[in-house]
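> Residue numbers (our numbering), protein chains in the order written: chain A, 1 to 20; chain B, 1001 to 1130.
C-beta: ideal position from N, C-alpha, C; glycine also.
Model, not experiment: these values are computed from the prediction.
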């Protein structure tokens, strides 16, 4: 089970802009 | 006129939609000790895209609340008391909604637009990059 910090980090990363 | 730099000065939204722009702005905010506001902004966007049926979503809502809102962090300081209460109550009642952080994100975004974004556009970090 992922830690809270990992989940939060994953959530933030998912919203970051990706290279075109 | 279509260069990344032209887009960065157009709006905060265009800056944050560009990978290099978001990265440079993050470096600037780290130096200004308010990078949490940007991470919170991205966390709100990420949360909005999550599946409400996934049990992970409630845990992420709680994590966002604990990390940025419950304590006296820079994000918490920039939010209206009513906004914080609304989020706290939603989590307490486990009433998770994709839009539950929208108001908080708007408030943080307005503060960023008025302050950090303007400062960024005149910062040496930005000018050196240009």
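1. Let's see if you can read the secondary structure: which residues bound the alpha helix (DSSP H) around residue 1065 of chain B?
2. Between residue 1103 of chain B and the rest of its own chain, which residues show a CB-CB distance below 6 angstroms, the 5 nearest in sequence each way excluded?
3. Which full runs of the alpha helix (DSSP H) of 4+ residues lie inside the region 1068–1098 of chain B, going along the chain?
4. CA-CA distance, residue 1090 of chain B and residue 1100 of chain B?
5. Does the distance from the CB of residue 1125 of chain B to the CB of residue 1042 of chain B come in under 7 angstroms?
6. Does the region 1051–1061 of chain B come close enough to the region 3–17 of chain A that 3 or more CB-CB pairs lie under 8 angstroms?
The short version:
1. Taking the first residue of the second chain as 1, we reach residue 1065 of chain B at position 65. First-last for residue 1065 of chain B: undefined, no H or E at that position.
2. By one-based count along the second chain, residue 1103 of chain B stands at place 103. Closer than 6 angstroms at Cβ, skipping near neighbours: 1083.
3. 1074–1078 and 1081–1092
4. Indexing the second chain from 1 puts residue 1090 of chain B at position 90. Indexing the second chain from 1 puts residue 1100 of chain B at position 100. For residue 1090 of chain B and residue 1100 of chain B, the distance between alpha carbons rounds to 8 angstroms.
5. Position 125 of the second chain, counted from the first residue, corresponds to residue 1125 of chain B. Position 42 of the second chain, counted from the first residue, corresponds to residue 1042 of chain B. Their beta carbons are not under 7 angstroms apart, which means residue 1125 of chain B does not touch residue 1042 of chain B by this criterion.
6. yes
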